[in-house]
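Enquirer:
Numbering (mature numbering (1 follows the signal peptide of the UniProt record, and there is no 0)), first residue to last: -20 to -1, 1 to 60.
The structure is reproduced here in structure tokens:
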């Protein structure tokens, strides 16, 4: 799998989550703040973000499109 994850989101959701950098993945749709779909090609995406394995690289104050997926819900800025 590529280092980058290409994510397609509606533009309205992008505006709401612009500051989210730490994300918790859930299997239940009603718990999600954002709905994410992984696509095969960059041109299919409305928003492109990159997944990191270090939480310090995903700073909420710097919206650079670097997301860290937490294992604990309380650590996340957003649930997806």
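Note that beta-carbon positions come from the ideal geometry of N, C-alpha and C, so glycine has one too.
Around the C-beta of residue 8, are 16 or more other C-beta atoms found within 10 angstroms, so that it is buried, or is it exposed?
Expert: exposed
Enquirer: Skipping 5 residues on each side, what residues in its chain have a beta carbon closer than 6 Å to that of residue 13?
Expert: 58 and 59
Enquirer: Looking at the secondary structure, which residues open and close the beta strand (DSSP E) in which residue 31 lies?
Expert: 27 to 32
Enquirer: I think residue 47 touches residue 31, with their Cβ atoms under 8 Å apart; what is that distance to the nearest whole Å?
Expert: 6 Å
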